[in-house]
Structures are given as C-alpha cells and as structure tokens.
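Read through the structure below, which is laid out as structure tokens, and then see the notes.
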Amino acid sequence: MKLPHLLTLLVLSASLAKALSKPNVLFLAIDDLNDWIGCLGGHPQVKTPNLDRLAARGTLFTNAHCQAPVCNPSRTSVMLGLRPSTTGIYSLQPSFKKVPKYANQVTIPKAFKLNGYATSTMGKIYHSALPKGEFDKAGARPPLRNRFPDEKLVNTPKNHKLVDWGVWPPKDSDQLDYKTADWAVHELSQKPKDPFFMAVGFFRPHVPLYASQKWFDLYPEDSLVLPPIRRDDRKDTPRFSWYLHWSLPEPRLKFLDESKQVKNKVRSYLASVSFVDSQVGRVLDALQESGLEDNTIIVCWSDHGYHLGEKEITGKNTLWDPTTRVPLMFAGPGISKGARCGRPAELLDIYPTLAELCGLKSVPEEIEGLSLVPQLEDAKAPRSRPAMTSHGPGNDSARTETHRFIRYADGSEELYDVRKDPHEFKNLASDPKTKKLRKKLVTYFPQNPAKPVEGSNARLIERKKDGSVYWENSLIEKDAKIPEYE
Ligand SMILES: [Ca+2]
Ligand SMILES: [Ca+2]
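For the sequence shown, the numbering used here puts the final residue at 488, and the numbers step up evenly by one.
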C-alpha cells in the first residue's frame, strides 16, 4: 500500500507546484495595426503567418476595440486600465506622468512588479518616452542608420516627415522593430528570472510605412485588392464627424486619388504589416526555443487601427471600424486554443484579464475593464456591455455584436447595422425605427466625461458649453470649409 500512497503524494505536489508557479507574461504591442491580419480577414490578401499561428494557439477576439483612436490616450487607457473619459487624457499629450492624479498610478507593469515579477521592456509601449520606474529593465534604443531616406518618398500636403510610404530601408535590420525583436530574442535566450513580465512594443505599421522590397513583393500591384472605399460615403455622416479629424498630417482620400497614390499607400501598409509580423515571429520562435512557452501567457494587441481611404480619409481619429477595431489575442496556460470570440471586447480588459490569469493581488480597485477570462475559457461566454471608444469629451461610440452607434458632442448621431452593412456605409440614425435602439445604446456612454487635462493639445477635439468647437485648442469657425476636402 505504500507505493500508491507515495505516488498520490507526488502527483498532488506536482499539481500544487504548478498551481503555485505563476505564469510569465509576454506582452506584445503593435502600433496602428488595424484588422488587416490574416486571421481577422480585414484585407483578403494580407499575409501574417506569425500572428495567425499565435491566434491558432490561443483565443482571438474578433470584435475588439480601442478606447481612444490615437496613440497616447489609447495606450494610457490600456496601461492604467482607465477610460479617457475618466482620466481626461484624450490627446497626444500629456503623459499620465505629468498629471498629478495619475503620476503614481499602479500601471500594468507596476502591478506585476508589486506581485514579485521581474519586468522588462523594449520598444513602444507608452506613447512618449518610457516613464522612469515603470520597468526593472529597459532595452536601449540603438542608433539607426538609414532610418529615413535622404528625401521623402512621397510629397504629402502637410509634408510631415513621418507621413511617408514606400520601399525603404534597404535591409530589415535597419528598422527599429528589428532591433527590438533582437533584444527580445536575446533576453529570452538568457532564460529570464521566473516569473517575468516582458513588454515588447513594435512601431510598424505606424507611419512612415517603410518596408524593404521583399515585403512589397508579397503584394504585386497589378493584382492588388483595394479596401472598400466609397467616394460618397460622407454624404450621410454629420459635419461633426469631420471635426474629429479636422486637420491631420495624414492626407485625405482626395489627395491619394489626385496623386494616384491609393495603391502605393495600400501596398506600403500591407508590406509594413507583413514586416512587423515577421518580427513578432522571431520573438515567438525565441520563446518556443527557450522552453518557457508552456508557462507563458502571450497577449498581443494594437493601440488602434488605421484608415486607408475608407470614409474618404487616411489615418485614425475616428469612431468607425477601420480605426477602432484592433487585433487582440491571448495564448498560453488556461486559454482555449484555436478559439474565436465575437463578443465585444475592449483593450481596457487586458489589465484585469492578465491580473486574473496571473493571480495578481495588488491591483487598483478602480480599473474599469472586465476580465476576459470567461471568454478565454469559453468563447461563447456572454458579455454584459458593448465596446466603447471616445475621441474627446462627448464623442462616443458603442460597438455591439450587431451595431455601431456613434453620438457626437453636438448630439448628432450615426447608427450602422453591421450584420448587413459591415463597412458602415449606410447611416440609419435618421430612421425613426432605430430610436429605441439608439436610446438604449446611449445609456452605455460616459455620463460626465472628464474635461481634457491641462496640457492637452495635438488631436484634441473639444466642444465647449456655448457650442463652439475647438480643434487642437483653435476655434473652428461654424462655416469653415473642411480642410483638404471641400
Ligand atoms: Ca498608435
Ligand atoms: Ca455613408
């Protein structure tokens, strides 16, 4: 009788040890990546074998949306677990570190650190320079030769240095993302101290949309499929929708049409996506080779999407799917494999999800997301609310499984039935039959959105109480022509 008893003890202690050993976390952030990845099907030709294999290893959220349609507020919302309408951080500045109320907030990496994790990072996780004290260890940004060509490849109306696209640089290893992947590969090969939280932030497909020739070769120009663009799509969107992207460094569709750049820009974006996918692949391979894969949770997300002509614009700063819909996937211990979840999900949910998966104790009570663990166990598990996105106070959007609803700060509205109209072409908000639904969806919006914090500026849209509207703190005249459009 002694032997079975010993065996039982051994089995018990092995499962106890497993339960006690905290999983590592590999946190992969990608900048400006919309739903143009193979497993989300946003573009029929896109090639992202590495993101696709990660999705196949875990659970992919097919209806995930950012909380703000620009870098700084979206990333702040993810890392602090708070909505822009709560913090008042809506624009490209300030960093939360400059907002006294949030300067010492327990962010995701800090929560891991407080729970005994070794934390490290390289690349773009926060929008601005990496705040001090966020991670134990940070990879240094290396000097880059060939970061920019001698002259811009495309002359755009604003001629912003970053707003450029085409074949560049000659070698992948000249790209910052390559160096970032190098760093992660090296760190993983050293078998980091257990448990670890490693955040790796990739910069493409943020502009400039540069990739070397081999990535362009994946998308021959003569067979290129263009996104669903309707050149009269803004006829039924309110004037206020233009205020959300009143004047951007990114050109309008009109410029792309006139300069015959639609195909070139679409190809450049696709090439940039495939390039960044290859760098994600290098990191995933390194994790596998390290032997740590079985005890590592991987989460991969993008801070918001990107328009390539849809709704007659390029860039972000909107409340429609091309901007709000983002890749979000989890893989690792306790997560269903090969699952696709169509329930609305928010990037805000990453914080409580990781906290639950890793059994974190020191997590701020006020974080606003909902843990996605029920959906990671069973993709059909219900979800109590839509995914919300805000751009400036009072401009809100709710995405359910069937509809997209938008209300702007002046009360104008849009409603799309995405079952019949997945590209949000036909605004149904003026149809009286939709009133009941619109009234219901309004109830999810923030009731008293925070005012923009001091120092807010770039990409800030604000409607004052007297009805005047300010773009980046400058008044928009009531009858002003829409820049670069009218
Ligand atoms: Ca971004
Ligand atoms: Ca339309």
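In this text, a Cβ means the ideal position worked out from N, Cα and C, and glycines have one as well.
Just so we're clear, the structure is a prediction, and the values are computed from it rather than from any experiment.
Does any heavy atom of ligand 1 sit closer than 7 Å to the C-beta of residue i?
i	result
Cys343	no
His306	yes
Cys360	no
Asp259	no
Cys73	yes
His67	no
His208	yes
Asp33	yes
Considering only C-alpha positions, which residue in the set the options is nearest to residue i?
i	options	result
Tyr104	Glu368, Asn117, Ala183, His425	Glu368
Val282	Phe427, Asn266, Cys302	Cys302
Pro485	Asp423, Thr391, Lys160	Lys160
Asp287	Arg345, Leu56, Phe218	Leu56
Arg440	Glu416, Arg284, Ser458	Glu416
Leu228	Leu255, Lys216, Phe204	Leu255
Arg143	Ala131, Glu136, Asn450, Pro207	Ala131
Thr489	Asn397, Ile352, Leu272, Gln290	No answer is possible for residue 489: it lies beyond the span of the chain, which begins at 3 and ends at 488.
Glu379	Ser399, Ser392, Glu358	Glu358
Glu456	Ser414, Phe137, Lys480, Pro96	Pro96
Thr402	Pro194, Glu474, Gly344, Arg284	Gly344
Please state whether DSSP places residue i in a helix, a strand or coil.
i	result
Glu348	strand
Val375	helix
Ala19	Interpretation of Ala19 is limited by its pLDDT of 48, a score under 50 that renders its predicted location unreliable; the figure taken from the coordinates is listed afterwards. Ala19 falls in the helix class under three-state DSSP.
Ser392	strand
Leu5	Reliability fails at Leu5, whose pLDDT of 48 lies under 50, so the model's placement of it is uncertain and the value that follows must be treated cautiously. In this structure, Leu5 counts as helix in the three-state DSSP scheme.
Lys112	helix
Thr402	coil
Lys160	coil
Phe277	helix
Leu14	Because Leu14 sits at a pLDDT of 47, beneath the cut-off of 50, its placement in the model cannot be relied upon, and the following sentence gives the value as read from the coordinates. Reduced to three states, the DSSP call for Leu14 is helix.
Cys2	Past the edges of the chain, shown from 3 to 488, lies residue 2, and the structure says nothing about it.
Arg236	helix
Phe205	coil
Trp167	strand
Lys139	strand
Gly283	helix
Glu415	strand
Leu477	strand
Trp303	strand
His309	strand
Arg85	coil
Glu464	strand
Would you say residue i and residue j are within 8 Å of each other, going by their C-beta atoms?
i	j	result
Ile337	Val27	no
Ser274	Leu211	yes
Leu226	Arg269	yes
Ser214	Pro172	yes
Leu462	Ser191	no
Gln69	Leu349	yes
Val202	Ala186	yes
Tyr418	Leu430	yes
Thr88	Glu370	yes
Thr404	Arg421	yes
Phe137	Pro111	yes
Pro395	Ala452	yes
Gly317	Asp37	no
Pro388	Gly83	no
Is the beta carbon of residue i within less than 7 Å of some heavy atom of ligand 2?
i	result
Thr320	no
Lys237	yes
Phe407	no
Lys467	no
Phe427	yes
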